[in-house]
Amino acid sequence: SAKREHSGEPKWFDPAIDEATAKYAELDRQLRAALKSGEVKPYYQPMIDLTSGRIVGFEALARWRRSDGTFIPPSEFITLAEETGMIGELSEVLFRQACLDAAKWPRTIRLSFNVSPAQFSSRSFGRKMLETLAETGLSPQQLEVEVTESMFVKDVQLVSALLEELREAGVHIAIDDFGTGYSSLSQLSRLRFDKLKIDRSFVSSFLDDARQAMIIRAMIGLGRGLGMKTIAEGIEEASQAETLQLLGCHQGQGFLFSRAVPAEQAATMLQMTWPVKPEGNTAVN
Ligand code: C2E
Ligand code: MG
Ligand code: MG
Ligand code: MG
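Each number in the working numbering corresponds to the 1-based position in the sequence shown with 1 added.
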């Protein structure tokens, strides 16, 4: 406050800053404990083929529910783990569990796993992932790794080499939150991706906004033209799914179909079909 500034009190004794630091340290301590006790787990959100209405894969999404019942969103604890350097450890635990869960699914059902930009600073990143696959019995062909455009602000050569190592083993690479990052298009020319994930922000607005609709059409065309699968995230309404299907988008994901659910529930969802294709529509997929 203005009063404080004139009080002559050095601002590093600001009790508000002290409190924030203490909270941060406490959350860090709790996250470490939670990781050990298994409070942090992957949940699974289905990815749906927009023509057949069937599940083609699940995205693993980290969930942390504390013993007192409170829920901490990944936007908080993933960011924290990235800042404190715990992300490698956290990812290893989550990835191993996700592989064990996915190894029980039919071989045609893919596991999608999010990778943080911070993980790309480790040379052994790809090798470790392949080792975990081998140990858990999940085939590399069944895995898809989701990366965001922000990881390319890192060493582009190293990132590309690490992703190529995985691709050569048969792992699919998806570019997540497409369209929101920095120089999206140059990333596509640099590296081969198997899948383009259209960011939720476009999906939520394209039905009421002609400009967003044009952009989403262009993204689907671009993805298809480059031989990638296209998937739209954040589908909440049937009309969005139907229109995306007509525009040639291959897959969809969102609360319309399901939120992320625990592994046991995901397994029972495999038999479900969602009514995505409107009667008599002639779109080719
Ligand atoms: P993301 O990879 O883009 O994941 C999609 C996010 O959108 C998820 O949020 C999901 O719950 C949410 N979502 C899905 N469908 C809908 C919908 O129809 N409407 C709305 N409003 N939201 C929807 P979540 O689980 O909170 O995760 C947020 C972000 O945290 C993820 O974005 C991802 O970047 C990161 N994250 C989550 N789990 C992991 C993980 O295990 N490792 C890493 N490195 N990052 C993770
Ligand atoms: Mg993702
Ligand atoms: Mg995404
Ligand atoms: Mg997103």
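All residues carry an ideal CB built from backbone N, CA and C; glycine is no exception. The structure presented is a predicted model; accordingly, all values stated were derived computationally and were not measured.
Residues of the same chain with a CB within less than 7 Å of the CB of Leu101, apart from the 5 flanking positions on each side, are Thr137 in chain order.
Under the DSSP definition of a beta bridge, Ile73 partners with Trp65. Counting along the chain, Met48 sits inside the beta strand (DSSP E) bounded by residues 41-50.
Apart from sequence neighbours up to five positions away, the residues of its chain that approach Thr244 with a beta-carbon distance below 7 Å are Leu208, ordered along the chain.
Inter-residue distance for Gln252 and Ile199 is about 10 Å (C-alpha atoms, whole angstroms). Contact check for Ile176 against Gln158 fails: the beta carbons are separated by 8 Å or more. Contact between the stretch 139-155 and the stretch 163-177 is present, with at least three C-beta pairs closer than 8 Å. Separation of the CB atoms of Leu95 and Ala61 is rounded to 7 Å, and the pair is thereby assigned contact status at 8 Å. Collapsing the DSSP output to three states places Thr133 in a helix.
Secondary structure at Asp209: coil, using DSSP grouped into helix, strand and coil. In this structure, DSSP gives Val154 a helical state, which the three-state scheme calls helix. Checking the 7 Å criterion, the Cβ of Ala61 is within range of a heavy atom belonging to ligand 1. Assigned with DSSP and collapsed to three states, Lys37 falls in helix. A heavy atom of ligand 3 is found nearer than 7 Å to the CB of Glu234. Between ligand 2 and Glu84, a heavy atom-to-CB distance of less than 7 Å is absent.
C-alpha of Thr52 to C-alpha of Gly249: approximately 9 Å in a straight line.
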